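Numbering (my numbering), first residue to last: 283 to 571.
Structure, as structure tokens:
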């Protein structure tokens, strides 16, 4: 059921304020991360995991694999090398797929089909070798699933890592879903990603973690920090000056610049909030520096 938000919060955050001066809806710290290892400026691990899930949904919806059911989980382990702070994927070490299915399909058939029709269609062959490990339907049976039954379903707020960077970068602990844009857990995390991706796409660094922090009712962020892992030719101060010159990270300005009042949020329910060009925060800003 929907409940009214506390009027104490409203009076401290947005009542009698211009939109640009709306205060943060809560205190906290948020992170944005970007890396040049993929075109999306996302870790290859999470990109492949999302694409595997999307492929499962495609094969279920178009009827090619009628035994598939909607619930699925994927996990991809990638072996990397480091190059002056940047990370370069070398090979896929392990792939895990667990997907809900009907009663008729055999385990052997499922495993063979997942490898042939899902993995080989998604994972570039250059990352797969004879040592790649496959855990396909490792529990053996996954008939009961989804939120309608008491199987093992998560709920809003429990999947904060798969919603973001798959364990890379950092996370301030706040979930996204169910929150409006005044809640900086959501809007500031989107803005921090926008900043991070813009810096990488501008060639100012190969990898960066952006941290911002807020206090409830206060519009301006308390702090902005950048960590480039040694991949930038510029100092942290120089990069911060560029960020301050190009971005206004007040919540009211974030919602304006990223057009967060649009009804876009249903699409974020699966396949992550980042690395998808359909979202405004994924369009790099042309930086002035």
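Where is the CB? At the ideal position from N, CA and C, for every residue including glycine.
Computed from a predicted model, the values in this text were never measured in an experiment.
Compare the C-alpha of residue i against each of the options and name the closest.
{"i": "residue 304", "options": "358, 447 and 535", "result": "535"}
{"i": "residue 329", "options": "555, 426, 465 and 571", "result": "555"}
{"i": "residue 332", "options": "357, 350 and 320", "result": "357"}
{"i": "residue 374", "options": "525, 394 and 407", "result": "407"}
{"i": "residue 392", "options": "566, 338 and 409", "result": "338"}
{"i": "residue 538", "options": "415, 301 and 341", "result": "301"}
{"i": "residue 428", "options": "463, 565, 383 and 421", "result": "383"}
{"i": "residue 403", "options": "420, 340 and 561", "result": "340"}
{"i": "residue 369", "options": "398, 345 and 320", "result": "320"}
{"i": "residue 409", "options": "421, 372, 415 and 390", "result": "372"}
{"i": "residue 476", "options": "541, 549, 394 and 385", "result": "541"}
{"i": "residue 413", "options": "381, 396 and 376", "result": "376"}
{"i": "residue 460", "options": "344, 563 and 546", "result": "546"}
{"i": "residue 324", "options": "489, 397, 455 and 415", "result": "489"}
{"i": "residue 349", "options": "388, 317 and 355", "result": "388"}
{"i": "residue 317", "options": "380, 289 and 484", "result": "484"}
Run through DSSP, which three-state label would residue i get?
{"i": "residue 496", "result": "strand"}
{"i": "residue 568", "result": "coil"}
{"i": "residue 530", "result": "coil"}
{"i": "residue 421", "result": "coil"}
{"i": "residue 347", "result": "coil"}
{"i": "residue 513", "result": "coil"}
{"i": "residue 484", "result": "coil"}
{"i": "residue 535", "result": "helix"}
{"i": "residue 491", "result": "strand"}
{"i": "residue 315", "result": "strand"}
{"i": "residue 330", "result": "helix"}
{"i": "residue 504", "result": "coil"}
{"i": "residue 352", "result": "strand"}
{"i": "residue 457", "result": "coil"}
{"i": "residue 306", "result": "strand"}
{"i": "residue 447", "result": "coil"}
Do residue i and residue j have their CB atoms nearer than 8 Å?
{"i": "residue 315", "j": "residue 451", "result": "yes"}
{"i": "residue 513", "j": "residue 367", "result": "yes"}
{"i": "residue 400", "j": "residue 311", "result": "no"}
{"i": "residue 458", "j": "residue 471", "result": "yes"}
{"i": "residue 326", "j": "residue 360", "result": "yes"}
{"i": "residue 336", "j": "residue 498", "result": "no"}
{"i": "residue 549", "j": "residue 564", "result": "no"}
{"i": "residue 531", "j": "residue 500", "result": "no"}
{"i": "residue 504", "j": "residue 313", "result": "no"}
{"i": "residue 553", "j": "residue 309", "result": "no"}
{"i": "residue 486", "j": "residue 426", "result": "no"}
{"i": "residue 506", "j": "residue 522", "result": "yes"}
Assign residue i to buried or exposed, taking buried as 16 or more other Cβ atoms, counted over all protein chains shown, within 10 Å of its Cβ.
{"i": "residue 417", "result": "exposed"}
{"i": "residue 465", "result": "buried"}
{"i": "residue 557", "result": "buried"}
{"i": "residue 448", "result": "buried"}
{"i": "residue 570", "result": "exposed"}
{"i": "residue 423", "result": "exposed"}
{"i": "residue 443", "result": "exposed"}
{"i": "residue 398", "result": "exposed"}
{"i": "residue 420", "result": "exposed"}
{"i": "residue 353", "result": "buried"}
{"i": "residue 468", "result": "buried"}
{"i": "residue 445", "result": "buried"}
{"i": "residue 343", "result": "exposed"}
Does any residue of chain C bring its CB to less than 8 Å from the CB of residue i?
{"i": "residue 541", "result": "Annotation note: the requested chain C is absent from the structure, which comprises a single protein chain."}
Mind listing, in chain order, the continuous alpha helix (DSSP H) runs of no fewer than 4 residues lying wholly within the segment 354 to 435? 389 to 395
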